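Asks: One structure follows; several queries about it will come next.
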Amino acid sequence: DDNAPCEVIDGFADGYRTMCKQKYVYRQLVAITNDNTVAPDMFQMPASCCCQIKWVSDPIVRMGINIPKNRQNLQTPANSRNRKRD
Numbered sequence: 002d003d004n005a006p007c008e009v010i011d012g013f014a015d016g017y018r019t020m021c022k023q024k025y026v027y028r029q030l031v032a033i034t035n036d037n038t039v040a041p042d043m044f045q046m047p048a049s050c051c052c053q054i055k056w057v058s059d060p061i062v063r064m065g066i067n068i069p070k071n072r073q074n075l076q077t078p079a080n081s082r083n084r085k086r087d
């Protein structure tokens, strides 16, 4: 199924989504035309499926940045080590 989870690598890792992408080839076959004659034509045929992985979570989380709910005090791992403590 096109865009369905890829069964080969489903459950890859948190924050990622796997999906199956259908690949096609074109083949020349003969077809019957509107005037009932036979003519060569190109047809798209499914050939294979390719598993794709896509990052679907927040990229800020992937970089290790802690985002508070109010988003006023952004802290990166580097900032939190250098911050003065009262």
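In the numbering used here, the protein residues as written are 2 to 87.
Idealized CB from N, CA, C, for every residue including glycine.
Keep in mind it's a predicted model, so treat the numbers as computed, not measured.
Taking only three categories from DSSP, how would you classify Pro60?
Replies: helix
Asks: Note down the Cα distance separating Pro6 from Thr19, rounded to an integer number of angstroms.
Replies: Rounded to the nearest angstrom, the two C-alpha atoms are 5 Å apart.
Asks: Give every residue of the same chain whose Cβ lies closer than 8 Å to the Cβ of Pro60, excluding the five residues on either side of it in the sequence, and list them in chain order.
Replies: none
Asks: Between the beta-carbon of Tyr25 and the beta-carbon of Ala48, is there less than 8 Å?
Replies: yes
Asks: Residue range of the beta strand (DSSP E) that Cys21 falls in?
Replies: Boundaries of the beta strand (DSSP E) harbouring Cys21: Tyr17 to Ile33, taken from the DSSP string.
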